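Notes follow once the structure below has been shown.
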Amino acid sequence: MLIVFHNFVVSITYEYMIKDNNVIIEDRQGEIIEGSQSSKHSDTKKLYIESYGCQMNFSDSEVVASILKEKGYSTTRNIDDAQVVLINTCSIRDNAEKRVRNRLTEFKKKKRDNPELVVGILGCMAERLKKSLLEQEKLVDLVAGPDAYRDLPNLIDEVGTGQRAVNVLLSRDETYADISPVRLDKGGISAFVTIMRGCDNMCSFCVVPFTRGRERSRDPETIVQECKDLFSKGYREVTLLGQNVDSYRWNISNKGEIKNPDKPTVNFAQLMEKVALVSPDLRVRFSTSHPKDMTDDVLRTMASYENICSYIHLPVQSGNSNVLTRMNRGYSREWYLKRIQAIHEIIPDCAVSTDVISGFCGETEEEHLDTLSLMDEVKYDFAYMFKYSERPKTLAERKFEDDIPDEVKSKRLSEIIEKQLKYSLESNKKRVGCVERVLVEGESKRSDEHMCGRTNRNSMVVFAKGDFNKGSYINVKILDCTSATLIGEVI
Ligand code: SAM
Ligand code: SF4
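Residue numbers are given in the numbering used here: position 326 of the sequence shown equals residue 407, and the series is strictly consecutive.
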């Protein structure tokens, strides 16, 4: 069901919210996370951690909780119980930063009541805003960039001695490979596993290469071990995470040369296969693929294993080749459409989602119409849609003018959203009457009388509550749908 309030649309059916004309992963922004494992230390100190932004940040918060657990911290959902408050931040768009700043102002009030409280900022905003947050606005005591989490115990100690502590050094090889993350999700069924960090792509609009540094891949053995461990603890789904998973490579240089001939090489298709072999009952997903790098090998591996989900997130950003060149994406509209064709040829019935940006620098009305026409051609099952937000230091900021008026960006975004809602609904309607294999995730967040789970194609399904265990697979006949959710009965 869709409810329309003035200028924002809330899809009350579960997955996402379109608010102020921006789509965000509603269920997770600002999530306070709490692990089930307590610290081995008896004098447990409490850590409160909130996360914003992409899945990578949520995954990083689990690494942070693990590092601090070793130092006697356990996580809490109650900020008033905490000695350390951390906020894991996102810089991808200006409104993401604003949201974090508002939270920091609220934390400052807590600190006034409790001067011993350590308030720290982690993640992508750390490097960019360390000076202003630490010295000018004095909003935080501690700043740690995405590659500095091992240093957090020392940084917290430094704050204890009355100093402001900062480490925003980016690394060429930190992957936290040996750290077994404390799982902070409540479900215990689906986990994120980071396989690589950083990005070398330099899309002109994107701040990630500046905030997260150079691309590096994690040792495949540690990835497989983590997935085995998750499976043994009852998890039934892993999502392999990276900014550009298709450029995952182990023991291969960025020029494609073998680094150590005595050791095996592993590319993304091979890694995915290794993870799929952990168990046929462990579903494998991944995010994000880059259209210029996604190989047929990856698609063929997906097609060969039933437990690798038939779902690809393939961000297009724009449907116009000139805009794509200005964005420095490394592919044209035609190339992108050929990749979509390859997906459908090799993996029939594969769901495809995307990211789209409206109003990038210099975007003409015709160029915008090309994005809409590409959406008509591809008919995405799902999309994340954004207004262009200029980010400091990026190529676009240095090279182009952010010249599309905000009203035009918003109008174009509304047209993109409208189209996507139509195709999301169409895609879901095609499933009505089908029987879907669903991995049960637990109770529906919106209704006490329903449970929910996902299909292989990543669609959320709700069904009447019954005696079904979380983590089991059930068959659900789809009876109805909205643009965001399938509604069915267990058969
Ligand atoms: N690495 C992934 C890729 O290449 O598609 C995505 C990374 S980014 C965290 C997620 C999405 O945010 C991008 O695909 C893009 O659509 C959007 N995004 C990034 N920078 C943006 C900006 N400056 N303004 C608006 N949207 C942006
Ligand atoms: Fe940003 Fe492009 Fe890297 Fe994605 S691939 S993180 S959009 S630079």
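Built from N, CA and C at the ideal position, the CB exists for glycine as well.
Predicted model, so just to flag it, every value in this text is computed and none were measured.
- By the 16-neighbour rule on beta-carbons within 10 angstroms, N325 is buried.
- Out of I393, T156 and V489, the CA that lies nearest to the CA of I438 is found in V489.
- Inter-residue distance for V181 and G226 is about 15 Å (C-alpha atoms, whole angstroms).
- In this structure, T320 sits away from F291, with a CB-CB distance that is not shorter than 7 Å.
- Taking 3 residues as the minimum length, the beta strand (DSSP E) runs contained wholly in the segment 415–454 are 432–439, in order along the chain.
- Taking 7 Å as the cut-off, the beta carbon of L395 is found closer than this to the beta carbon of T435.
- Taking a cut-off of 8 Å on C-beta distances, the segment 167–181 touches the segment 200–211, as three or more cross pairs fall below it.
- About 6 Å separates the beta carbons of R410 and Q398, which is inside the 8 Å limit, making them a contact pair.
- Exclusion of V459 from the 6 Å shell around the ligand SF4 follows from its C-beta lying no nearer than that to any non-hydrogen atom of the ligand.
- In the three-state scheme derived from DSSP, where H, G and I count as helix and E and B as strand, E239 is classed as helix.
- Of V144, F467 and K468, the smallest CA-CA separation from L265 is found for V144.
- Leaving aside the five residues that flank K474 on each side, the residues in its chain whose CB is nearer than 6 Å to its CB run, in chain order, F291.
- In the same chain as E307, and ignoring 5 residues on each side of it, the C-beta atoms closer than 6 Å to its own belong to V274, in chain order.
- Judged by pairs of C-beta atoms under 8 Å, the segment 356–364 does not touch the segment 329–342, as fewer than three such pairs exist.
- For V489, the shortest separation between its Cβ and any heavy atom of the ligand SF4 does not lie below 6 Å.
- N537 has its alpha-carbon roughly 16 Å from the corresponding atom of F544.
- For Y133, the CB stays at least 6 Å from every heavy atom of the ligand SAM.
- Where C533 is concerned, there is no enclosing alpha helix (DSSP H), although the beta strand (DSSP E) around it starts and stops at H531 to R535.
- Here the alpha carbons of K492 and W416 stand approximately 28 Å from one another.
- Counting along the chain, V356 sits inside the alpha helix (DSSP H) bounded by residues F349 to A357.
- In the three-state reduction of the DSSP assignment, F188 falls in the helix class.
- Annotation for P473 indicates a beta carbon at 6 Å or more from all heavy atoms of the ligand SAM.
- In this structure, G552 lies away from R366, with their beta-carbon atoms at least 7 Å apart.
- Here R193 is exposed: its Cβ has fewer than 16 other Cβ atoms, across all protein chains shown, within 10 Å.
- Approximately 7 Å separates the beta-carbon atoms of G514 and I559; this is inside 8 Å, confirming the contact.
- For V489, the enclosing alpha helix (DSSP H) starts and ends at D487 to K510.
- The shortest C-alpha to C-alpha distance from L380 to any of N388, I424 and Y412 is the one to I424.
- Annotation for Y469 indicates a beta carbon within 6 Å of some heavy atom of the ligand SAM.
- When C-alpha distances from T125 are compared across I572, I304 and K152, the shortest belongs to K152.
- Where A464 is concerned, the enclosing beta strand (DSSP E) starts and stops at F463 to K468.
- In this structure, DSSP gives C308 a helical state, which the three-state scheme calls helix.
- By the criterion of a C-beta distance shorter than 8 Å, I270 is surrounded in its chain by G315, Y316, R317, E318, L520, V521, E522, G523, K551 and G552, once the five residues flanking it on both sides are discounted.
- By the Cβ neighbour-count rule, P486 is exposed, with fewer than 16 other Cβ atoms within 10 Å of its own.
- Remark: the shortest separation between the CB of N335 and any heavy atom of the ligand SF4 does not fall under 6 Å.
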